[in-house]
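Colleague:
Residue numbers (this note's numbering): 3 to 467.
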């Protein structure tokens, strides 16, 4: 029995939201609250005087102005029904009890019955502390039904009803007194129960709306965060591209300009070749930068934007990088190793571009920071079940004295590798020199074509090692 009672109380508490973390906001007293109270007060006074005119209030012994105060004070309670809901519900119950004892005919007027109903409903619907609301509303219901029971038990309610029924025949199936008691109980159950149930329904409806608004706000915030993250990632990508393009081409231009300066008096042909290299590198750098800036402008405008943008570099442009890095004092070799013919053509464009940029950055670092005389660039492609695309740049030099970099180039290599779930190995070799090696999981642009099941077919581009 005790367990069943505790279970019932727990379900009742859950239904009333006793443990619910949501707290309904407490709005200030607004114009609508004042207008509601004023409208009910005006209607109540008019209705009271009309009832008095037909003689229904002849048994009320208190003066008319006291009756007016009862109506006005009841209506005034509704001003604070949302700001102080539980207090208003308690005061409304006290008002009903006092007026019902002193002026039962006034308390029974429709106006005051509406006031009491709205006050209790608002107490349930707007209460912030659900536990305290349950205590107060429960006390109101207990007191009211106790008052009704006392009216029939020791009061004059039953005798008044008997007096009214004297001389009348009983047409119904239930005796008069039990019928009067049951009718009174049913009316009050519907009255108080309706106020409590509808009030709780309003509270739950408000909570559900608040949760939906909170979810919508969360979704909006997440969408904004995703957009911001996408913009940030795009800016980082563009920053990496700019660093790769500018650092490489400016380094090449500097080296070729220095070579032209040394031989300009004794070797015009070499000077002309160096100047042509400077011209080509500067043109390519400007073209790449225009393409990147076109991307930025396109993201700021509505609709498509026409940009004169060359295709993204891939494996086919690596020999150009190798040739630009080669000098009379530095030999640069390039090997492309495929496990099946045409694997380079089937490599996904994003992966091919990342390999190109990795080679570009590694050769730029050699030109700027190394004394290397031999550099080896190897790209290995394996389309097998555990396929991979690997790029390795190895040199035999040491760090040039007084040369230091910002570290952004190597950071860009690592970020590119992370974006493709690749692994990176960057650092000096135990036997001397420096190694940059990045291995990516194979991502092809199309299904691999049939090729040798084993062995490596080797093709050499741009020089030999």
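C-beta atoms are modelled at their ideal positions from N, C-alpha and C, and glycine is treated no differently. Since the structure is predicted, the reported quantities are computational estimates derived from the model, not experimental observations.
Name, in chain order, the residues that DSSP records as bridge partners for residue 398.
Modeller: Looking up residue 398 in the chain shown gives position 396. Paired residue(s): none; residue 398 is not in a bridge.
Colleague: Please confirm whether residue 64 and residue 113 have their CB atoms less than 8 Å apart.
Modeller: For this step, residue 64 is matched to residue 62 along the chain shown. For this step, residue 113 is matched to residue 111 along the chain shown. No.
Colleague: Considering only C-alpha positions, which residue in the set 402, 370 and 341 is nearest to residue 386?
Modeller: Translated into positions along the chain shown, residue 386 becomes position 384. For residue 386, the nearest C-alpha among the options comes from 341.
Colleague: Look at residue 80 and residue 120 and say whether their C-beta atoms are less than 8 Å apart.
Modeller: In the chain shown, counting from the first residue as 1, residue 80 sits at position 78. In the chain shown, counting from the first residue as 1, residue 120 sits at position 118. Yes, Cβ-Cβ distance for residue 80 and residue 120 is below 8 Å.
Colleague: Quick check: the Cα distance between residue 335 and residue 428, rounded to an integer number of angstroms?
Modeller: Here residue 335 is taken as the residue at index 333 of the chain shown, counted from 1. Here residue 428 is taken as the residue at index 426 of the chain shown, counted from 1. Taking the straight line joining both Cα atoms gives about 19 Å.
Colleague: From what residue to what residue does the beta strand (DSSP E) around residue 378 run?
Modeller: Taking the chain shown and counting its residues from 1, one reaches residue 378 at position 376. Its beta strand (DSSP E) spans residues 376-384.
Colleague: Just to check my reading of the structure: residue 26 and residue 133 have Cβ atoms closer than 8 Å, yes? What is that Cβ distance to the nearest angstrom?
Modeller: Numbered from 1 along the chain shown, position 24 holds the residue referred to as residue 26. Numbered from 1 along the chain shown, position 131 holds the residue referred to as residue 133. Their Cβ separation, rounded to whole angstroms, is 14 Å, which puts residue 26 and residue 133 out of contact at 8 Å.
Colleague: Residue 88 to residue 138, Cα distance in whole Å?
Modeller: Along the chain shown, read from residue 1 onward, the residue named residue 88 stands at position 86. Along the chain shown, read from residue 1 onward, the residue named residue 138 stands at position 136. In a straight line, the C-alpha of residue 88 is about 7 Å away from that of residue 138.
Colleague: What are the start and end residues of the beta strand (DSSP E) that includes residue 131?
Modeller: The residue you call residue 131 lines up with position 129 of the chain shown. It is not in any beta strand (DSSP E) - residue 131 carries neither H nor E in the DSSP assignment.
Colleague: What runs of the alpha helix (DSSP H), each 4 residues or longer, lie entirely inside the segment 56-138?
Modeller: DSSP runs (the alpha helix (DSSP H)) wholly in the segment 56-138: 66-78, 87-104, 106-109 and 112-128.
Colleague: If you check the beta carbons only, do residue 198 and residue 122 fall under 8 Å apart?
Modeller: If you number the chain shown from 1, residue 198 lands on position 196. If you number the chain shown from 1, residue 122 lands on position 120. Against a cut-off of 8 Å, the Cβ pair of residue 122 and residue 198 comes out as a contact.
Colleague: With three or more C-beta pairs closer than 8 Å as the rule, is the segment 412-423 touching the segment 353-370?
Modeller: Because the criterion of three Cβ pairs below 8 Å is met, the segment 353-370 and the segment 412-423 touch.
Colleague: State yes or no: is the C-beta of residue 365 within less than 8 Å of the C-beta of residue 323?
Modeller: Within the chain shown, numbered from 1, the residue matching residue 365 stands at position 363. Within the chain shown, numbered from 1, the residue matching residue 323 stands at position 321. Their beta carbons are under 8 Å apart, which means residue 365 touches residue 323 by this criterion.
Colleague: Measure from the alpha carbon of residue 332 to the alpha carbon of each residue in 283, 399, 44 and 363, then state which is nearest.
Modeller: To locate residue 332, count along the chain shown from 1; it is residue 330. Here the closest residue by C-alpha is 399.
Colleague: Helix, strand or coil: which one does DSSP assign to residue 433?
Modeller: Here residue 433 is taken as the residue at index 431 of the chain shown, counted from 1. Of the three classes helix, strand and coil, the one that applies to residue 433 here is coil, per DSSP.
Colleague: First and last residue of the alpha helix (DSSP H) that includes residue 15?
Modeller: The residue given as residue 15 occupies position 13 in the chain shown. Segment 4-17, the alpha helix (DSSP H) holding residue 15.
Colleague: For the beta strand (DSSP E) containing residue 333, name the first residue and the last one.
Modeller: The sequence position of residue 333 within the chain shown is 331, counting from 1. Start and end: 333-340.
Colleague: Who are the near neighbours of residue 355 in its chain, counting only those whose CB is closer than 7 Å to its CB and skipping five residues on each side?
Modeller: Along the chain shown, read from residue 1 onward, the residue named residue 355 stands at position 353. Here the set comprises 314, 315 and 316.
Colleague: Any contact between the segment 372-384 and the segment 259-273? By contact I mean 3 or more CB pairs, one from each, below 8 Å.
Modeller: With the cut-off at 8 Å, the segment 372-384 and the segment 259-273 do not touch.
Colleague: Could you compute how far the alpha carbon of residue 326 sits from the alpha carbon of residue 225?
Modeller: The residue you call residue 326 lines up with position 324 of the chain shown. The residue you call residue 225 lines up with position 223 of the chain shown. Their backbone Cα atoms lie some 45 Å apart in a straight line.
Colleague: The alpha helix (DSSP H) with residue 358 in it runs from where to where?
Modeller: The sequence position of residue 358 within the chain shown is 356, counting from 1. Residues 351-371.
Colleague: I need the straight-line Cα distance from residue 201 to residue 127, nearest angstrom please.
Modeller: Numbered from its first residue, the chain shown carries residue 201 at position 199. Numbered from its first residue, the chain shown carries residue 127 at position 125. Taking the straight line from one Cα to the other gives about 4 Å.
Colleague: Helix, strand or coil, according to DSSP, for residue 286 in the structure here?
Modeller: Locating residue 286 in the chain shown gives position 284, where the first residue counts as 1. Three-state DSSP puts residue 286 in a helix.
Colleague: Drop a sphere of 10 angstroms on the beta-carbon of residue 98, count the other beta-carbons inside from all chains shown, and report buried for 16 or more, exposed for fewer.
Modeller: Sequence index remark: in the chain shown, residue 98 carries index 96 (1-based). So residue 98 counts as buried.
Colleague: Contact check, residue 374 vs residue 368 under 8 Å by CB: the rounded distance?
Modeller: Translated into the one-based positions of the chain shown, residue 374 becomes position 372. Translated into the one-based positions of the chain shown, residue 368 becomes position 366. 5 Å between Cβ atoms; contact.
Colleague: If you draw a straight line from the C-alpha of residue 125 to the C-alpha of residue 192, how long is it?
Modeller: As a position in the chain shown, residue 125 is number 123, starting the count at 1. As a position in the chain shown, residue 192 is number 190, starting the count at 1. Answer to the nearest angstrom: the Cα atoms are 17 Å apart.
Colleague: So, is residue 84 buried or exposed, given that buried needs 16 or more other C-beta atoms within 10 angstroms?
Modeller: As a working mapping, residue 84 is identified with position 82 in the chain shown. Burial call: buried.
Colleague: Is the separation between the beta-carbon of residue 353 and that of residue 388 shorter than 8 Å?
Modeller: Along the chain shown, one-based indexing puts residue 353 at 351. Along the chain shown, one-based indexing puts residue 388 at 386. Not a contact, by the Cβ cut-off of 8 Å.
Colleague: Drop a sphere of 10 angstroms on the beta-carbon of residue 397, count the other beta-carbons inside from all chains shown, and report buried for 16 or more, exposed for fewer.
Modeller: For the purposes of this step, residue 397 is taken as residue 395 along the chain shown, with counting starting at 1. So residue 397 counts as buried.
Colleague: Compute the Euclidean distance between the alpha carbons of residue 276 and residue 419, then round it to the nearest angstrom.
Modeller: Within the chain shown, residue 276 is the residue found at index 274, counting from 1. Within the chain shown, residue 419 is the residue found at index 417, counting from 1. Distance between the alpha carbons of residue 276 and residue 419 is about 34 Å.
Colleague: Looking at the unbroken alpha helix (DSSP H) that takes in residue 27, where does it start and where does it end?
Modeller: In the chain shown, the residue the question calls residue 27 occupies position 25. Residue 27 -> no alpha helix (DSSP H), and no H or E assigned at all.
Colleague: Just how far apart, CA to CA, sit residue 140 and residue 230?
Modeller: As a working note, residue 140 is residue 138 in the chain shown. As a working note, residue 230 is residue 228 in the chain shown. Whole-angstrom Cα-Cα distance: 52 Å.
Colleague: Could you give the DSSP three-state label for residue 446: helix, strand or coil?
Modeller: Residue numbering aside, residue 446 sits at position 444 when the chain shown is read from its first letter. Reduced to three states, the DSSP call for residue 446 is strand.
Colleague: Using the DSSP secondary-structure output, state which residues sit across from residue 200 in a beta bridge.
Modeller: Translated into the one-based positions of the chain shown, residue 200 becomes position 198. In DSSP, residue 200 forms no bridge with anything.
Colleague: Let me know if residue 235 comes out buried or exposed under the rule of 16 or more other beta-carbons within 10 Å of its beta-carbon.
Modeller: Position 233 of the chain shown holds residue 235. It is exposed - the Cβ of residue 235 has fewer than 16 other Cβ atoms within 10 Å.
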